[in-house]
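Visitor:
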Amino acid sequence: MPRDPVLKPLKRADLPVETVALARFLVGATIVHDLPEGLVAARIVETEAYLPDDPASHTYRGPTARNAPMFGARGHAYVYLNYGMYWLFNISSDIPGIGAGVLIRAAEPVAGEAIMADRRPGRSGRGLLNGPGKLAAAMGIGPAHSGADLCAGGPLRLAHAVRPAGEIGVSTRIGLTKAADLPLRFFERGNPWLSGPKALNR
DNA sequence: TCACTGATCGTCT
DNA sequence: GACGATCAGTGAG
Numbered sequence: 096m097p098r099d100p101v102l103k104p105l106k107r108a109d110l111p112v113e114t115v116a117l118a119r120f121l122v123g124a125t126i127v128h129d130l131p132e133g134l135v136a137a138r139i140v141e142t143e144a145y146l147p148d149d150p151a152s153h154t155y156r157g158p159t160a161r162n163a164p165m166f167g168a169r170g171h172a173y174v175y176l177n178y179g180m181y182w183l184f185n186i187s188s189d190i191p192g193i194g195a196g197v198l199i200r201a202a203e204p205v206a207g208e209a210i211m212a213d214r215r216p217g218r219s220g221r222g223l224l225n226g227p228g229k230l231a232a233a234m235g236i237g238p239a240h241s242g243a244d245l246c247a248g249g250p251l252r253l254a255h256a257v258r259p260a261g262e263i264g265v266s267t268r269i270g271l272t273k274a275a276d277l278p279l280r281f282f283e284r285g286n287p288w289l290s291g292p293k294a295l296n297r
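Numbering (this note's numbering), first residue to last: 96 to 297.
#1: So if DSSP puts residue 252 in a beta bridge, which residue, or which two residues, is it bridged to?
#2: What number of angstroms, rounded off, separates the C-alpha of residue 164 from the C-alpha of residue 187?
#3: Taking 8 Å as the threshold (C-beta atoms), are residue 113 and residue 189 in contact?
#4: Per DSSP, residue 177 forms a beta bridge with which residues?
#5: With DSSP as the reference, please indicate the residues paired to residue 186 in a beta bridge.
#6: Round the Cβ separation of residue 263 and residue 202 to the nearest angstrom and send it over; I've been treating them as touching at under 8 Å.
#7: Mind checking residue 176: buried by the 16 CB within 10 Å criterion, or exposed?
#8: How should residue 123 be labelled, buried or exposed, when 16 other C-beta atoms within 10 angstroms of its C-beta is the threshold for buried?
#9: Would you report the Cα separation of residue 150 and residue 271, rounded to the nearest angstrom?
#10: Applying the criterion that 16 or more other CB atoms from any shown protein chain within 10 Å of the CB defines a buried residue, is residue 180 buried or exposed?
#11: Determine, using beta carbons only, whether residue 127 and residue 252 come nearer to each other than 8 Å.
#12: Grouping DSSP H, G and I as helix and E and B as strand, with all else coil, what is residue 122?
#13: Can you give me the C-alpha to C-alpha distance between residue 116 and residue 283, rounded to a whole angstrom?
#14: Give the DSSP-derived three-state secondary structure of residue 150 in the structure shown.
#15: With distances taken Cα to Cα, identify the nearest neighbour of residue 298 among 288, 199 and 191.
#16: Cβ of residue 215 within 8 Å of Cβ of residue 287?
#17: Mind checking residue 108: buried by the 16 CB within 10 Å criterion, or exposed?
#18: DSSP on residue 114, reduced to helix/strand/coil?
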């Protein structure tokens with residue numbers, strides 16, 4: 096992990112508008128969060144796209160109070176509680192009025208690894224960020240961030256890749272009961288911080 | 001490494 | 001009132 100990572104902010108204009116393009120683009124990009132204990136940063140290694148006409152997407156049945164951020168301009172956070180226990184972090188995509196976004200599933204530490212480990216008692220190393228619920232917990236991302244603009248220089252924001260992404264692999268999404276066969280999961284091939292079964296990471 | 005299971009609760013039907 | 005974009009623990013191969 097670089098000792099002095101350069102975390103250059105991503106502007107909205109840097110983000111592809113289309114959801115699949117954004118999901119691919121975000122592999123390699125950096126999530127930065129200023130926490131009371133210090134700054135944490137992680138390099139995204141795995142994403143999933145959720146499309147407007149996608150039965151698996153929360154936006155499939157139209158806008159609600161909860162999913163409103165997904166209908167906003169690209170680059171906003173949509174955070175929601177899953178299975179009554181875990182917060183999942185998404186980034187909205189497409190133009191305002193279209194409900195779509197990208198789930199951030201896994202990342203590797205870039206800065207503040209000790210801080211992230213402290214937020215996941217009893218866990219460390221590769222078990223720290225290899226899953227959407229774990230990632231949000233370790234990075235201190237919660238309901239207060241839903242709707243936040245990640246391109247506005249706030250505490251939670253996006254930054255350029257500290258290291259270019261390697262070859263991008265594609266697979267079906269994980270954990271779905273609807274539209275489970277669509278190839279909308281994107282990941283950096285060979286990266287040790289990925290979630291999911293080995294067979295999906297080729 | 002994989003398959004299976006219980007935990008737990010906000011959101012929408 | 002049912003349903004999850006999950007995780008950790010357990011047990012088998």
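Glycine included, each C-beta is placed from N, C-alpha and C at the ideal position.
Guide: Put simply:
#1: In DSSP, residue 252 forms a bridge with 127.
#2: Roughly 7 Å between the two C-alpha positions.
#3: Going by C-beta atoms, residue 189 is nearer than 8 Å to residue 113.
#4: According to DSSP, residue 177 bridges with 181.
#5: Partner(s): 172 and 197.
#6: 15 Å between Cβ atoms; not a contact.
#7: With fewer than 16 other CB atoms across the displayed protein chains lying within 10 angstroms of its CB, residue 176 is exposed.
#8: Residue 123 is buried by the Cβ-count criterion.
#9: Straight-line Cα distance between these residues: approximately 10 Å.
#10: It counts as exposed.
#11: Remark: C-beta atoms of residue 127 and residue 252 approach each other more closely than 8 Å.
#12: Of the three classes helix, strand and coil, the one that applies to residue 122 here is coil, per DSSP.
#13: The straight-line gap from Cα to Cα measures roughly 15 Å.
#14: Of the three classes helix, strand and coil, the one that applies to residue 150 here is coil, per DSSP.
#15: In the structure as shown, the chain begins at 96 and stops at 297. Residue 298 is therefore absent and cannot be evaluated.
#16: No. Outside cutoff.
#17: Taking a 10 Å sphere around the C-beta of residue 108, we find fewer than 16 other C-beta atoms and assign the residue as exposed.
#18: Secondary structure of residue 114 (DSSP, three-state): helix.
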